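Using the working numbering, the first residue of the sequence shown is number 166, and each one after it goes up by one.
Yeah, the Cβ is synthetic: ideal placement off N, Cα and C, and Gly gets one too.
Since this is a predicted model, take the numbers as computed values, not measurements.
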Amino acid sequence: MKKGEKIYEGKAKILYSTEETDKLIQYFKDDATAFNAQKKGTIKEKGVLNNKISSRIFELLEKEGVKTHFIKSISDRDMLVKKVEIIPVEVVIRNVTAGSLSKRMGIDEGITLKEPILEFYYKSDELGDPMINEYHIKVFELANEKEMDIIKAVALKVNKFLVDFFNKNGIRLIDFKLEFGRYDGDVLLADEITPDGCRLWDKKSGEKMDKDRFRRDLGKIEEAYQEVYKRVIGN
Ligand SMILES: Nc1ncnc2c1ncn2[C@@H]1O[C@H](COP(=O)(O)OP(=O)(O)O)[C@@H](O)[C@H]1O
Ligand SMILES: [Mg+2]
């Protein structure tokens, strides 16, 4: 599949058209941003690692019956995907307190929740992805009720699978972000599942193995992504 024109350049990836109108190539960059792009940098080889990590996870999820945009990985940094109409709602699934949840609720990080919490954010760089609820989503017609039913069910199913998958590989899945898109009357899981959008803590040491190392200047960022890659691909 040949790369056509660049149709969008985001913070971490570039989208290219292909010869087929319903397919895109997602190119994974090494660029990293945090705090609504106020902090910028690069993480060496991140694009390669994220493409491979995301591809593997999408493959496993497809086997579990989760419909995703993933078709195949076509090079180190390029993933062929179905072109979806992105639903402008970012879905965060939390298993353990951390980040903005700890801040908002005034609770220490690292406390296991008695059940997962789903949060929704309006996908808007200009507005800084504000938190919204299902009323906002309904009234502003970001997604309809049927789509939301699918999104919530799939998010929880993906969470169940990933908690177990990472756990088997010595990683605690703290929280992660998903994006969904419309395709041919269906709702597909889209975008990426990588250490950029997941909080992953080593089970033994408690060490962070995700983008928090970049956000919080903890060092050994490349090493952490490499380690996630090793554990995800090895299994
Ligand atoms: N299958 C898809 N079809 C169309 N758009 C997609 C698909 N998967 C992801 N996207 C969108 O492509 C962009 C990916 O680039 P990224 O660097 O993550 O952008 P952003 O800076 O907007 O987060 C995102 O805006 C994401 O919503
Ligand atoms: Mg993104």
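C-beta atoms of residue 396 and residue 336 nearer than 8 Å
Within the sequence shown, numbered from 1, the residue matching residue 396 stands at position 231. Within the sequence shown, numbered from 1, the residue matching residue 336 stands at position 171. Going by C-beta atoms, residue 396 is nearer than 8 Å to residue 336.
Would residue 260 and residue 354 be called neighbours here (beta carbons separated by less than 8 Å)?
Numbered from its first residue, the sequence shown carries residue 260 at position 95. Numbered from its first residue, the sequence shown carries residue 354 at position 189. No.
How big is the Cα-Cα spacing for residue 226 and residue 363?
Locating residue 226 in the sequence shown gives position 61, counting from the first residue. Locating residue 363 in the sequence shown gives position 198, counting from the first residue. Each residue's Cα considered, the two are about 16 Å apart.
Excluding the five sequence neighbours on either side, which residues of its own chain have a C-beta within less than 6 Å of the C-beta of residue 356, listed in chain order?
Sequence index remark: in the sequence shown, residue 356 carries index 191 (1-based). The residues are 344.
Less than 7 Å separating the Cβ of residue 191 from some heavy atom of ligand 1?
The sequence position of residue 191 within the sequence shown is 26, counting from 1. Checking every heavy atom of ligand 1 against the Cβ of residue 191, one is found closer than 7 Å.
Got a sec, what are the start and stop residues for the beta strand (DSSP E) residue 284 sits in?
The count along the sequence shown starts at 1 and reaches residue 284 at position 119. Start and end: 277-287.
In terms of residue numbering, what span does the beta strand (DSSP E) encompassing residue 347 cover?
Taking the first residue of the sequence shown as position 1, residue 347 is located at position 182. Residue 347 -> beta strand (DSSP E) spans 336-348.
Do residue 380 and residue 202 have their C-beta atoms within less than 8 Å of each other?
For this step, residue 380 is matched to residue 215 along the sequence shown. For this step, residue 202 is matched to residue 37 along the sequence shown. Taking 8 Å as the Cβ cut-off, residue 380 and residue 202 do not qualify as a contacting pair.
List in chain order: all unbroken beta strand (DSSP E) runs of 3+ residues lying wholly within the region 191-275.
196-199, 204-207, 235-238, 243-247, 254-261
Whose CA, out of 306, 246, 299, lies closest to the CA of residue 236?
As a working note, residue 236 is residue 71 in the sequence shown. Looking at the Cα atoms, 246 is the closest of the given residues.
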